[in-house]
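Under numbering that gives the first Met the number 0, think of the first position of the sequence shown as 0, with each following residue one higher.
For reference, the structure discussed in these notes is given below.
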Amino acid sequence: MPLALLPGQVFAPLLVFVRLGTMLMLLPGFGEVYVPQRYRLLLGLLLALMVAPVLAPALPKLPADPAALTALLFAEIVIGAFLGSIARFLLFALDTAGTIISMQLGLSAAQVFNPMMAQQTTLPGAFLMAAGAMVVFATDAHHLMLRAAVDSYAVFAAGQLPPWGELSDAIAHGAASSFRLGVELAAPFLVVGTVFFAAIGVLSKLVPQLHIFFVAMPLQILGGLAVLSLTLAAMMGWFLERFAESATRLLP
């Protein structure tokens, strides 16, 4: 191969790598802080090498102007970050649900290190986020996001930024949907907690001599754990369904 043709041959895989690599930095399971960055980048490079020949007809040619090349790479980074953020928002919904659950269980003060977020979070939140990532990989749902990344070139042409207004609306909608999903997942705990505290309030009026705090706290924790054991499978199923819907929505 003549050396003059080498930049054109290398450009297509590297352009695909920019979008896929950025997306992998944010995808659940791939983009966690405990996954070394070199492994994520290596996976993105391998995926780019595999799909670049297929996507080559849809990719632009190597720009001769450095400014045009910079704009092209910036657009790919923005699109990759947008695609990865959609999946990351869904994982944050599990942390929101865990925070609500911890309040209902009386465990909001029990903070643990959450490796999925690299910071202190509630114990139910850390557990649900780890369980959600495990379910995504166990059911091969991450294949949907990888397929959405490859098929995104049919929706977002390489180097062409979508309107910033539409991107902002999509990100705002994703954040709102994430919070709504977190509340929906924690809805059984809100219902049971409301009934429990209402019963405790009535009991404290009927038996004023009873030390209601010492009676309520163990029952609150045990009851919450019982509800969690009964609803965990349904919660993960609902989360997985929403995850698949979000990935499918990105497909052309």
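Yeah, the Cβ is synthetic: ideal placement off N, Cα and C, and Gly gets one too.
Since this is a predicted model, take the numbers as computed values, not measurements.
With distances taken between CA atoms, Met-216 lies nearest to Ile-199 out of Ile-199, Ser-228, Thr-230. Counting the other CB atoms within 10 Å of its CB gives Tyr-38 a total below 16, which places it among the exposed residues. Burial is judged here by how many other beta carbons sit within 10 angstroms of a residue's own beta carbon; Gly-164 has fewer than 16 and is exposed. For the pair His-141 and Val-135, the Cα-to-Cα distance works out to about 6 Å. Inter-residue distance for Leu-106 and Leu-122 is about 8 Å (C-alpha atoms, whole angstroms).
Within the same chain, Leu-89, Leu-180 come within 7 Å of Arg-241 by CB-CB distance, once the 5 residues on both sides are set aside. Nearest to Gly-223 by C-alpha distance, out of Pro-114, Val-214, Thr-247, Phe-188, is Phe-188. DSSP places Gln-110 within a strand segment (E or B) once states are collapsed to three. Note on geometry: alpha-carbon atoms of Ile-76 and Val-17 lie some 6 Å from one another.
Within the stretch 74-161, the runs of beta strand (DSSP E) at least 3 residues long that lie entirely inside it are, in chain order, 110-113, 118-121. Across the set Ala-246, Pro-27, Ala-175, Gly-43, the C-alpha of Pro-27 shows the shortest separation from the C-alpha of Leu-127. In this structure Leu-160 touches Ala-74 by the C-beta definition: roughly 5 Å separates them, less than 8 Å. When the Cα atoms are used, Gly-131 and Glu-183 turn out to be separated by approximately 15 Å. Around the beta carbon of Pro-162, fewer than 16 other beta carbons sit within 10 angstroms, so the residue counts as exposed. Around Ile-100, the same chain offers Pro-123, Ala-185, Phe-188 as residues with beta carbons nearer than 6 Å, after the five sequence neighbours per side are excluded. With contacts defined as CB atoms closer than 7 Å, Ala-148 and Leu-19 qualify as a contacting pair.
Shown here, Phe-195 sits in a helix according to DSSP, grouped into three states. Annotation: Pro-65 to Phe-10 spans about 13 Å, alpha carbon to alpha carbon. In this structure, Ala-125 lies near Val-111, with their beta-carbon atoms less than 7 Å apart. Non-local beta-carbon contacts of Gln-219 in its own chain, meaning distances under 7 Å to residues more than five positions away in sequence, involve Leu-104, Gly-105, Phe-195 in chain order. Membership of Asp-168 in the alpha helix (DSSP H) is indicated by the continuous run 163-184. In this structure, the straight-line span from the alpha carbon of Gly-79 to that of Leu-145 is close to 11 Å. A residue is called buried when at least 16 other Cβ atoms come within 10 angstroms of its Cβ; Tyr-33 does not meet this threshold and is exposed. Assignment of Lys-60 by DSSP, reduced to helix, strand and coil, places it in the coil class.
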